[in-house]
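Beneath this line is the structure, given in structure tokens, with notes to follow.
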Amino acid sequence: MATDAKRPKTDEENCVLEPLKNFLLWCDSVKLTLSDKVCLSKEGTVAEYGMLAKEDIEEGHVLFSIPREVLLHQATAKVKKVLEEGKKSLESASGWVPLLLGLLYEYTCPQSHWKPYLSLWPDFRTLDQPMFWSEEERDKLLKGTGIPEAVKTDLKKLQDEYNNINVNNSNFFVTFPNDSQYFLSFQEPVEDEDEEEDKEPNPPMMVPMADMLNHVSKHNANLEYTPECLKMVSIRHIEKGEEVFNTYGQMANWQLLHMYGFAEPFPTNSNDTADIQMSSVYKAAVQAAHSEADQKLLVDKWSMLCEMEIVGEKGVFIFGQSGCLTYSELYTTLKVLCMTVQVFEEFRENEGWEEDEEDEDDKMEQALSFNGLTGLSAEWKCLLHAAAALTLDSYSEDVETDRRRLEDQGALAELSSRERRALHVRYGQKSILQRLQQLTKKS
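Numbering of the sequence shown is given in UniProt numbering, commencing with residue 1 and proceeding in unit increments.
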């Protein structure tokens, strides 16, 4: 059957296609197998390269398989011997330094085994995580979300590691940029869950092909680990033309924007969360105190909770779509803050509850779920309501202003990409906090 003549590719389009063609040829050469039912593309995907279904795909189908020797990490990089010899001096809080040094050596080496894979990566100048925004823009668009504080912490840690490696370890000639922490890496889970707490985490690694898949919370594929290879497997039926999505984990929008530079449009992220500072619950209790004696008692209660490591100065209570996710800590905090003098004295003398008096886990979870909040005592609800209000006040704009922006498609289209992403992050958090307020307001 005759087909319509296709226009010649422009130089710009060929520049895009050539790296992909070279990568797929490399995949064949290293026995990285790709199913005939999928293809890689920049068209029809949510961002940059992605994977599309060429035909209907059944659940359990292996989309691609990656031999372990193809993975790029500190033990497979060409400088693995140097990295092993300097292992002690490369230890850091992040655990990323050996991978970064190996990765950036391969990235700058013209003869690198991984060159066709690394050539797919975008120009680093296009990275747009909040780390690369001005401080003024972060504070304006992201105030209250927790991202500005997280970025400051990142910058300090990155600078510390940069100085330690480059100043104190002159044998390592590669200088790595601050944006290098944002390469999409994978970390293999510890096999034995019982030993997970005692065992060191597996080092991060780069996984060709897998890092080309985009993320959504309602993903349709999972990466599976076997001794011989890594496999991306469909976890539900995928229709022809649908994008194949992996998951980067159960990540809230603020985490996605902070780490990867994107956010899921509200309300599609089922993993979205909102944080309430632990100190905000304490402030709410102080505001509700009727006398100096009550305030002094609250100081003692809070000190006791800190000593028990239930709360901390920078700690947060996390709320998800169905209620509090840190319910054990919040339940204990509310219980102690609302104790009478006599009960608290007994509690303090016993240094906590006796074993048989502890509340069961499922009871606490149910009580602090959104379905269970209405059954709480008036005093507990009052503290939660006030703490949510304090948190909402920390944002630069109120929830109704953001709601109107989201509902006005014309106004939404006029926003810059940064403004849109920040709006989805802010409003997702505010909607959870607003629901908490509604469920804890006075009858």
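Backbone N, C-alpha and C fix where the C-beta goes; we use that ideal spot for every residue, glycine too.
Residue range of the unbroken beta strand (DSSP E) whose run includes residue i
| i | result |
| --- | --- |
| E243 | 243-246 |
| I276 | 274-277 |
| S67 | According to the sequence as given, residue 67 is Pro; it is not Ser. It spans 62-67 - the beta strand (DSSP E) in which P67 sits, taken as one unbroken run. |
| I318 | 316-320 |
| L40 | 38-41 |
| residue 444 | Shown here, the chain extends from 1 to 443; a query on residue 444 therefore has no answer. |
| A47 | First-last for A47: undefined, no H or E at that position. |
| residue 521 | Because the chain here runs from 1 to 443, residue 521 falls outside it and cannot be looked at. |
Endpoints, the alpha helix (DSSP H) within which residue i is located
| i | result |
| --- | --- |
| P116 | 115-118 |
| F262 | Note, F262: premise wrong, no alpha helix (DSSP H); not H, not E. |
| F370 | Segment: none, F370 is in no alpha helix (DSSP H) and carries neither H nor E. |
| F124 | That residue, F124, is in no alpha helix (DSSP H); it is neither H nor E in DSSP. |
| L230 | Unbroken run through L230 is the beta strand (DSSP E), 229-234; no alpha helix (DSSP H). |
| S394 | Run containing S394: none; DSSP gives neither H nor E here. |
| A413 | 409-414 |
| I57 | Per DSSP, I57 belongs to no alpha helix (DSSP H) and is neither H nor E. |
| L32 | Run containing L32: none; DSSP gives neither H nor E here. |
| G86 | Here G86 belongs to no alpha helix (DSSP H), and DSSP marks it neither H nor E. |
| I310 | Taken as a continuous stretch (DSSP letters only), I310 belongs to no alpha helix (DSSP H), as it is neither H nor E. |
Member of the options whose CA lies at the smallest distance from the CA of residue i
| i | options | result |
| --- | --- | --- |
| Y427 | E397, N22, K441, K140 | E397 |
| E224 | P203, N246, I238 | N246 |
| A47 | L127, E345, C382, A221 | L127 |
| E135 | W121, A285, P148 | P148 |
| W26 | G323, P227, H113, A263 | H113 |
| C229 | Y162, M209, H219, K218 | M209 |
| S35 | Q277, E43, L24, K42 | L24 |
| A422 | L305, S328, L90, G146 | G146 |
| N202 | N214, S217, V216, F186 | F186 |
| L100 | Q74, E414, T268, A288 | Q74 |
| P204 | Q409, L184, E307 | L184 |
| G44 | L83, G241, V425, E309 | G241 |
| F370 | V343, R348, Y282, F319 | F319 |
| V399 | M259, E379, V425, S417 | V425 |
| L439 | K381, E313, S416 | K381 |
| Q250 | H219, K42, E313 | H219 |
| Q255 | E313, H290, E407, D154 | D154 |
| E360 | Y331, Q111, Q342, V341 | Y331 |
| Y282 | S291, P267, P110, G312 | G312 |
| K42 | E85, P98, P110, W121 | W121 |
Inter-residue CB distance, residue i and residue j (contact presumed, cutoff 8 Å)
| i | j | result |
| --- | --- | --- |
| L412 | R405 | 6 Å |
| P67 | V30 | 7 Å |
| L63 | V244 | 6 Å |
| L373 | L433 | Their Cβ separation, rounded to whole angstroms, is 13 Å, which puts L373 and L433 out of contact at 8 Å. |
| S280 | A387 | 4 Å |
| H385 | Q437 | 6 Å |
| D56 | E239 | 6 Å |
| L390 | A284 | 7 Å |
| K442 | D402 | Actually they do not touch by this definition, with Cβ atoms about 25 Å apart. |
| T273 | A293 | Actually they are not in contact, since the Cβ atoms of T273 and A293 sit about 37 Å apart, beyond 8 Å. |
Proximity of residue i and residue j at Cβ, strictly below 9 Å
| i | j | result |
| --- | --- | --- |
| L257 | P130 | yes |
| A77 | G102 | yes |
| M212 | G50 | yes |
| C338 | S377 | yes |
| L334 | L383 | yes |
| G323 | E365 | yes |
| M278 | E309 | no |
| N271 | A263 | no |
| Q214 | S119 | Before going on, a small fix: residue 214 reads as Asn here, not Gln. No. |
| L72 | L40 | no |
| F344 | D275 | no |
| E161 | S217 | no |
| G144 | Y327 | no |
| L141 | R418 | yes |
| V336 | L368 | no |
| V70 | L32 | yes |
| K231 | S65 | yes |
| K88 | P98 | no |
Chain D within 9 Å of residue i, Cβ atoms only
| i | result |
| --- | --- |
| R125 | As a matter of chain content, chain D is missing from the structure shown, which is built from one protein chain. |
Q | the region 53-61 / the region 233-241 touching (three or more Cβ pairs under 8 Å) | A | Output reads yes: the region 233-241 touches the region 53-61.
**Q.** Cβ pair count under 8 Å reaching 3, the region 104-118 against the region 69-85
**A.** Touching, yes, given that three or more Cβ pairs across the two stretches are closer than 8 Å.
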